[in-house]
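Asker: Here the sequence shown stands for residues 2 to 407, where the numbers follow the working numbering.
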Amino acid sequence: MDANMLYALRDPAGLPFYPVVFMLLSVLTFALHIFAVQVMLGASSLVISGAFRADPHWRRLASAMTDVAKIAVSVAIVIGVAPLLFVQVIYDPFWYTSSVLSARWVIGFIVIMIAAYLLLYVYYFSNYRADTSRTPRSRWAMLVSLALFLVAGFLIHVFTSQMLHPDQWMQWYAPGGDLDTSGASLHAYNPWRFGFFILMAVPAVGAWLLAYARYLSGRADADLGYLAFVNRLGARLLQVGVPLVLLLGGLWMATLPESAAGFGTSIWVWVALAALVAGGIAAHLARGDGERGSYLPLLVLLVVGIVIAAAREALRYVILYGAHAYDFMDYKVNMDWYSTALFFGTFAIIGGSVLAYLLTVAWQAGRTVGVYTPSPAVHRMGVVSIALIALWIVQYFVVGFVVWAR
């Protein structure tokens, strides 16, 4: 498929704002999304590991990581909508074609995610407030849930891989000249790329455990033995996970298609490599903190995630522009200031205030022994957050009514 056809498949309405902004937002939101996914996968693995052990520290950790896993899934889903929408905006011919080629699996992805999420809650409610000294119930549900989440992740990997091969779309759609309209096939994947992002869960959850130990060490009733166990486990996961990720990253770069020849030795890869090594160094430094843990590795891993997301986006641009002459940067812009201002206002002001309130309450409540009572300042934060949400709802209906009336 030549460049003229790809350009013809674009939305004729154009974009409401500059395409580079959508690209930058895609990188940022993907980094946050994939980090939440990796924490969820790592936490779920720790839940399963602890559920099949008799060690009291492992059982206690499994109980705590169940909460982390279910919250991380929610965060991953909510934040994951954003990079998907941004990709659809600037790479719409590629994403929609890939989705049509595997349409049954696109719908199946939703069903699989629902099933995996429900099974996670089956395990959660089967062991809600249960004595951690007894064997957890419904361990099978957690096993199947994790397996289904991995299947869902593989499907997204396939969809994003298929969009990078417009030269093969016709062959996939009409193999041998016979139309295949079933949408039941999966056509392109790279196991090393998939494994790279999945195994990032090992250092990600390791960094999370170190931050978790540091957070709990501030409680007056902190169990130092348990925190030392968590700290050692987190440091070990980071120290083992970083080399594994580097290995799979190297294999991914070594198996890139010809359309991305040379990217494996580009500045993007070297920067990502340096960021991953920095994560390993942060883990080594945190190892000497005893039972206190450290926030440093978690902060470093978040930066690493943004660097990797940027390198991933650069690779996509190299393939689609270098091999297929498609440049999202020349997308027609029809400026829409209202929708742009509404988006950034919702994201920064509404989302920022509500998130700040929720994080403040969660942070203080988790470090309080007994019943937590918010301070007047925190209470005012909640009132302001609710008022901003109410104001947003009012303007939404007012603008809608005005547009409808005109």
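In this text, a Cβ means the ideal position worked out from N, Cα and C, and glycines have one as well.
Everything numeric in this text was worked out from a predicted model, so none of it was measured.
Could you pull out every residue in the same chain whose Cβ sits closer than 6 Å to the Cβ of G196, ignoring the five residues on either side in sequence?
Answerer: Translated into the one-based positions of the sequence shown, residue 196 becomes position 195. Closer than 6 Å at Cβ, skipping near neighbours: L249.
Asker: Suppose you measure from the CA of F1 to the CA of F345; what does that come to, to the nearest Å?
Answerer: Residue coverage of the chain in this structure runs from 2 to 407, which leaves residue 1 outside it and unanswerable.
Asker: Helix, strand or coil, according to DSSP, for V152 in the structure here?
Answerer: On the sequence shown, position 151 is the one that residue 152 refers to. Here V152 sits in helix by DSSP.
Asker: Is the Cβ-Cβ distance between V40 and A65 less than 9 Å?
Answerer: In the sequence shown, the residue the question calls residue 40 occupies position 39. In the sequence shown, the residue the question calls residue 65 occupies position 64. No, they are not a contact pair.
Asker: Assuming N5 is part of the alpha helix (DSSP H), what are its boundary residues?
Answerer: For the purposes of this step, residue 5 is taken as residue 4 along the sequence shown, with counting starting at 1. Per DSSP, N5 belongs to the alpha helix (DSSP H) from 4–9.
Asker: Could you tell me which residues DSSP puts in a beta bridge with L16?
Answerer: Residue 16 sits at position 15 when you count from the first residue of the sequence shown. Paired residues: V334.
Asker: Run the CB neighbour count on G352, radius 10 Å, all protein chains shown included, and call it buried at 16 or more, exposed below.
Answerer: Locating residue 352 in the sequence shown gives position 351, where the first residue counts as 1. That one is exposed.
Asker: Less than 9 Å between the beta carbons of A83 and L303, yes or no?
Answerer: To locate residue 83, count along the sequence shown from 1; it is residue 82. To locate residue 303, count along the sequence shown from 1; it is residue 302. No, these two residues do not count as a Cβ contact at 9 Å.
Asker: So T133 and R61 are in contact, right, with Cβ under 8 Å, and what is the actual spacing, rounded?
Answerer: What you label residue 133 is simply residue 132 of the sequence shown in a count that begins at 1. What you label residue 61 is simply residue 60 of the sequence shown in a count that begins at 1. Right, the Cβ-Cβ distance comes to about 5 Å (below 8 Å), so this counts as a contact.
Asker: Flag this pair as touching only if the region 260–271 and the region 88–99 have three or more C-beta atom pairs under 8 Å; answer yes or no.
Answerer: no
Asker: Quick check: the Cα distance between W170 and A189, rounded to an integer number of angstroms?
Answerer: Here residue 170 refers to the residue found at position 169 when the sequence shown is read from its first residue. Here residue 189 refers to the residue found at position 188 when the sequence shown is read from its first residue. Rounded to whole angstroms, W170 and A189 show a C-alpha spacing of 11 Å.
Asker: Nearest-angstrom Cα distance between Y19 and V334?
Answerer: The residue given as residue 19 occupies position 18 in the sequence shown. The residue given as residue 334 occupies position 333 in the sequence shown. Their backbone Cα atoms lie some 6 Å apart in a straight line.
Asker: Let me know if M336 comes out buried or exposed under the rule of 16 or more other beta-carbons within 10 Å of its beta-carbon.
Answerer: Position 335 of the sequence shown, counting from 1, holds the residue named residue 336. The residue is exposed, with fewer than 16 neighbouring Cβ atoms inside 10 Å.
Asker: Going by beta-carbon coordinates alone, are P298 and A208 separated by less than 9 Å?
Answerer: Working through the sequence shown from its first residue, we reach residue 298 at position 297. Working through the sequence shown from its first residue, we reach residue 208 at position 207. Contact: yes.
Asker: Keeping to the same chain, check which residues put their C-beta closer than 7 Å to that of W106; ignore five residues upstream and five downstream.
Answerer: What you label residue 106 is simply residue 105 of the sequence shown in a count that begins at 1. If we look at W106 and ignore the five residues flanking it on each side, its Cβ neighbours are L156, L187.
Asker: Can you say whether T67 is buried or exposed, counting buried as having 16 or more other CB atoms within 10 angstroms of its CB?
Answerer: Residue numbering aside, residue 67 sits at position 66 when the sequence shown is read from its first letter. The residue in question, T67, is buried, as its Cβ has 16 or more Cβ neighbours within 10 Å.
Asker: On a CA-only basis, which of M24, L321, T347 is nearest A87? Give me that one, please.
Answerer: Working through the sequence shown from its first residue, we reach residue 87 at position 86. Correcting the residue type first, residue 87 is Phe in the shown sequence and not Ala. Out of M24, L321, T347, M24 has the C-alpha closest to the C-alpha of F87.
Asker: Is the beta carbon of N232 closer than 9 Å to that of L211?
Answerer: Within the sequence shown, numbered from 1, the residue matching residue 211 stands at position 210. Within the sequence shown, numbered from 1, the residue matching residue 232 stands at position 231. Result yes, Cβ atoms of L211 and N232 sit closer than 9 Å.
Asker: Taking the C-alpha atoms as reference points, what is the distance between G323 and P258?
Answerer: For the purposes of this step, residue 323 is taken as the residue at position 322 of the sequence shown. For the purposes of this step, residue 258 is taken as the residue at position 257 of the sequence shown. CA-CA distance, G323 to P258, rounds to 12 Å.
Asker: Do you know offhand how far I282's Cα is from A142's?
Answerer: The count along the sequence shown starts at 1 and reaches residue 282 at position 281. The count along the sequence shown starts at 1 and reaches residue 142 at position 141. If I take the Cα positions, the gap works out to 37 Å.
Asker: Please report the Cβ distance between G306 and P204, rounded to the nearest whole angstrom; I am assuming they are in contact, meaning their Cβ atoms lie under 8 Å.
Answerer: Stepping through the sequence shown from its first residue, residue 306 is reached at position 305. Stepping through the sequence shown from its first residue, residue 204 is reached at position 203. Rounded, the Cβ-Cβ distance is 10 Å, inconsistent with contact.
Asker: Put Y190 into one of helix, strand or coil per three-state DSSP.
Answerer: As a first step, residue 190 is located in the sequence shown; it is residue number 189 there, counting from the start. Y190 falls in the coil class under three-state DSSP.
Asker: Could you check what DSSP says for G323 in three-state terms: helix, strand or coil?
Answerer: The residue labelled residue 323 in the question sits at position 322 within the sequence shown. Looking at G323 - three-state DSSP - the assignment turns out to be helix.
Asker: Within 10 angstroms of the Cβ of M330, are there 16 or more other Cβ atoms? Answer buried if so, exposed if not.
Answerer: Mapped onto the sequence shown, residue 330 falls at position 329. M330 is exposed by the Cβ-count criterion.
Asker: R135: which of A63, L165, I320 sits nearest, CA to CA?
Answerer: The residue labelled residue 135 in the question sits at position 134 within the sequence shown. Cα-wise, what sits closest to R135 is A63.
Asker: Helix, strand or coil for S1, going by three-state DSSP, please let me know.
Answerer: In the structure displayed, the chain extends from 2 to 407; residue 1 sits before or after that span and is not available.
Asker: Between V112, I350, V76, V372, which has its C-alpha nearest L392's C-alpha?
Answerer: Within the sequence shown, residue 392 is the residue found at index 391, counting from 1. If we check each option's Cα against that of L392, I350 comes out closest.
Asker: Which word fits A255, buried or exposed, when buried means at least 16 other C-beta atoms lie within 10 angstroms of its C-beta?
Answerer: Taking the first residue of the sequence shown as position 1, residue 255 is located at position 254. The residue in question, A255, is exposed, as its Cβ has fewer than 16 Cβ neighbours within 10 Å.
Asker: Tell me which same chain residues have a C-beta within less than 6 Å of the C-beta of A116, skipping the five on either side of it?
Answerer: Here residue 116 refers to the residue found at position 115 of the sequence shown. Hits under 6 Å: L149.
Asker: Given a threshold of 16 other Cβ atoms within 10 Å of its Cβ, counted over all protein chains shown, does S376 qualify as buried or as exposed?
Answerer: On the sequence shown, position 375 is the one that residue 376 refers to. It is exposed - the Cβ of S376 has fewer than 16 other Cβ atoms within 10 Å.
Asker: Is R237 helix, strand or coil by DSSP?
Answerer: By 1-based counting over the sequence shown, the position of residue 237 is 236. Residue state, collapsed to three classes: helix.
Asker: What does the alpha-carbon distance come out to for the pair V400 and L389?
Answerer: Counting from one through the sequence shown, the residue named residue 400 turns up at place 399. Counting from one through the sequence shown, the residue named residue 389 turns up at place 388. Cα-Cα distance, rounded: 16 Å.
Asker: Quick check: what's the CA-CA separation for R140 versus I49?
Answerer: The residue labelled residue 140 in the question sits at position 139 within the sequence shown. The residue labelled residue 49 in the question sits at position 48 within the sequence shown. A straight line joining the alpha-carbon of R140 with that of I49 spans about 7 Å.
Asker: For A59, which residues in the same chain have their Cβ closer than 6 Å to its Cβ, ignoring the five residues on either side in sequence?
Answerer: Start at 1 with the first residue of the sequence shown, and residue 59 comes out as number 58. Checking the displayed sequence, the identity of residue 59 turns out to be Trp instead of Ala. Taken in chain order, the residues that qualify are G51.
Asker: Rounded C-beta distance between G294 and A214? I'm assuming under 8 Å.
Answerer: Position 293 of the sequence shown holds residue 294. Position 213 of the sequence shown holds residue 214. Indeed, because the Cβ distance is near 3 Å, the residues count as touching under 8 Å.
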